[in-house]
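Read through the structure below, which is laid out as structure tokens, and then see the notes.
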Amino acid sequence: MKQRLLIKLSGAALKDKKDGNIFSSNQLTSIAKQIKTLSKTCGIAIVIGGGNIWRGNMYDKKICREEKAHYMGMIATIINSMYLCEAFHAQKIPSRVLTLLPCPNCCQTYTPLLANKCLNNNEVIILAGGTGKPFFSTDTGATKCASEIKASTIYMAKDGVDGVYSNDPKTNKRVVRYQTLNMSDCINQKLKFMDTSAMNMCIKHKIKVVVFNMERPNAIIGGMNKDIPTTIINPK
Numbered sequence: 013m014k015q016r017l018l019i020k021l022s023g024a025a026l027k028d029k030k031d032g033n034i035f036s037s038n039q040l041t042s043i044a045k046q047i048k049t050l051s052k053t054c055g056i057a058i059v060i061g062g063g064n065i066w067r068g069n070m071y072d073k074k075i076c077r078e079e080k081a082h083y084m085g086m087i088a089t090i091i092n093s094m095y096l097c098e099a100f101h102a103q104k105i106p107s108r109v110l111t112l113l114p115c116p117n118c119c120q121t122y123t124p125l126l127a128n129k130c131l132n133n134n135e136v137i138i139l140a141g142g143t144g145k146p147f148f149s150t151d152t153g154a155t156k157c158a159s160e161i162k163a164s165t166i167y168m169a170k171d172g173v174d175g176v177y178s179n180d181p182k183t184n185k186r187v188v189r190y191q192t193l194n195m196s197d198c199i200n201q202k203l204k205f206m207d208t209s210a211m212n213m214c215i216k217h218k219i220k221v222v223v224f225n226m227e228r229p230n231a232i233i234g235g236m237n238k239d240i241p242t243t244i245i246n247p248k
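According to our numbering, the sequence shown is numbered sequentially starting from 13.
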């Protein structure tokens with residue numbers, strides 16, 4: 013069986029930063045070509061956020077209930093996943109979207125059994141809908157799915173930062189970028205590269221996390237091959 017990996021992309025990774033469109037055709041094609049190369053030797057699952065369309069904190073509390081805003085975010089991840097899958101099909105990559113938030117007219121509902129069957133058939137799977145429940149992030153959904161498909165590593169693409177830092181590098185210039193960390197240190201130091209619940213799940217299921225900058229050229233392959241800066245977080 014191929015080694016299995018989970019790639020976590022932010023919704024911002026799909027956005028066209030020049031004209032502000034929610035999708036960049038060039039970026040989608042670049043991602044698809046990288047995945048086509050990697051899928052020859054690895055079983056790949058992808059989880060993508062919805063931040064290019066909707067974020068859970070965008071809602072007006074006077075109008076909208078919080079749980080509804082979270083469902084809107086889950087729907088945004090389904091839209092992103094469907095479009096990414098179309099980009100994969102254009103590159104002739106066997107792939108399908110599985111969602112934890114049932115949407116039967118658009119994509120199949122996720123189960124661990126179906127996800128593993130697809131991976132065994134050399135399909136790339138795109139996992140949408142977060143956890144299917146409000147008040148949980150796509151980080152938690154990604155880690156849950158990684159454990160269920162027995163992925164050894166989560167490759168986490170960040171928007172504009174080269175790994176995990178001692179503080180926010182966008183607002184504080186006196187920061188240190190870590191090359192390696194233990195997950196327990198991240199929790200103790202409150203390094204917020206992913207949710208604490210997801211960190212604890214990584215420790216429990218012994219899943220390593222590699223954080224890299226999605227804005228680097230060929231970032232996914234570069235992050236896996238250590239050709240670009242990364243932070244490696246060991247599950248202990």
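From the three backbone atoms N, C-alpha and C, an ideal C-beta is built for every residue, glycine too. For clarity, every value in this text was computed on a predicted model and none was experimentally measured.
Note down the Cα distance separating residue i from residue j, rounded to an integer number of angstroms.
| i | j | result |
| --- | --- | --- |
| residue 76 | residue 70 | 10 Å |
| residue 118 | residue 30 | 30 Å |
| residue 199 | residue 136 | 31 Å |
| residue 162 | residue 74 | 42 Å |
| residue 243 | residue 63 | 23 Å |
| residue 235 | residue 153 | 22 Å |
| residue 246 | residue 169 | 17 Å |
| residue 181 | residue 212 | 24 Å |
| residue 138 | residue 158 | 12 Å |
| residue 22 | residue 88 | 12 Å |
| residue 39 | residue 25 | 8 Å |
| residue 240 | residue 126 | 34 Å |
| residue 107 | residue 95 | 12 Å |
| residue 209 | residue 223 | 17 Å |
| residue 116 | residue 123 | 13 Å |
| residue 149 | residue 42 | 26 Å |
| residue 44 | residue 58 | 11 Å |
| residue 52 | residue 78 | 42 Å |
| residue 110 | residue 183 | 37 Å |
| residue 155 | residue 231 | 21 Å |
| residue 98 | residue 92 | 10 Å |
| residue 229 | residue 201 | 31 Å |
| residue 195 | residue 217 | 12 Å |
Along the alpha helix (DSSP H) that carries residue i, what are the first and last residues, could you check?
| i | result |
| --- | --- |
| residue 130 | 124-132 |
| residue 93 | 78-102 |
| residue 44 | 37-50 |
| residue 157 | 150-160 |
Taking residue i as part of the beta strand (DSSP E), name the residues at either end of that continuous run.
| i | result |
| --- | --- |
| residue 165 | 165-170 |
| residue 107 | 107-111 |
| residue 54 | 54-60 |
| residue 25 | Looking at the DSSP string, residue 25 is not in any beta strand (DSSP E), and its letter there is neither H nor E. |
| residue 16 | 15-21 |
| residue 34 | Careful: residue 34 lies outside any beta strand (DSSP E) and carries neither H nor E. |
| residue 75 | Neither: residue 75 is in no beta strand (DSSP E) and is coded neither H nor E. |
| residue 65 | Per DSSP, residue 65 belongs to no beta strand (DSSP E) and is neither H nor E. |
Starting from the C-beta of residue i, find all residues in its chain whose C-beta is less than 6 Å away, skip the five residues before and the five after it, and write them out in chain order.
| i | result |
| --- | --- |
| residue 102 | none |
| residue 233 | 46 |
| residue 113 | 86, 141, 144 |
| residue 179 | 187 |
| residue 193 | 245 |
I think residue i touches residue j, with their Cβ atoms under 8 Å apart; what is that distance to the nearest whole Å?
| i | j | result |
| --- | --- | --- |
| residue 151 | residue 197 | That pair is no contact at about 18 Å. |
| residue 27 | residue 36 | 6 Å |
| residue 167 | residue 20 | 7 Å |
| residue 90 | residue 65 | Not really, about 10 Å apart at Cβ, beyond 8 Å. |
| residue 146 | residue 83 | 6 Å |
| residue 248 | residue 215 | 7 Å |
| residue 80 | residue 55 | That pair is no contact at about 35 Å. |
Among residues of its own chain, excluding the 5 on either side of residue i, which ones have a beta-carbon nearer than 7 Å to its beta-carbon?
| i | result |
| --- | --- |
| residue 172 | 225, 227 |
| residue 203 | 176 |
| residue 105 | 44, 47, 48, 51, 136 |
Cβ of residue i within 7 Å of any heavy atom in the ligand SAM?
| i | result |
| --- | --- |
| residue 141 | In the structure shown, the ligand SAM is absent, as is every other ligand, since no ligand is present at all. |
Indicate whether at least one CB of chain B lies closer than 8 Å to the CB of residue i.
| i | result |
| --- | --- |
| residue 108 | Checking the listed chains, one finds no chain B in this structure; it contains a single protein chain. |
What does a CB cutoff of less than 8 Å around residue i pick up in its chain, not counting 5 residues either side in sequence?
| i | result |
| --- | --- |
| residue 16 | 54, 55, 56, 57, 131, 161, 162, 163, 164 |
| residue 120 | 108, 109, 110, 111, 126 |
- Which parts of the region 168-247 are runs of the beta strand (DSSP E), unbroken and 3 residues or longer, counting only runs that do not cross its ends? 192-194, 220-225, 242-246
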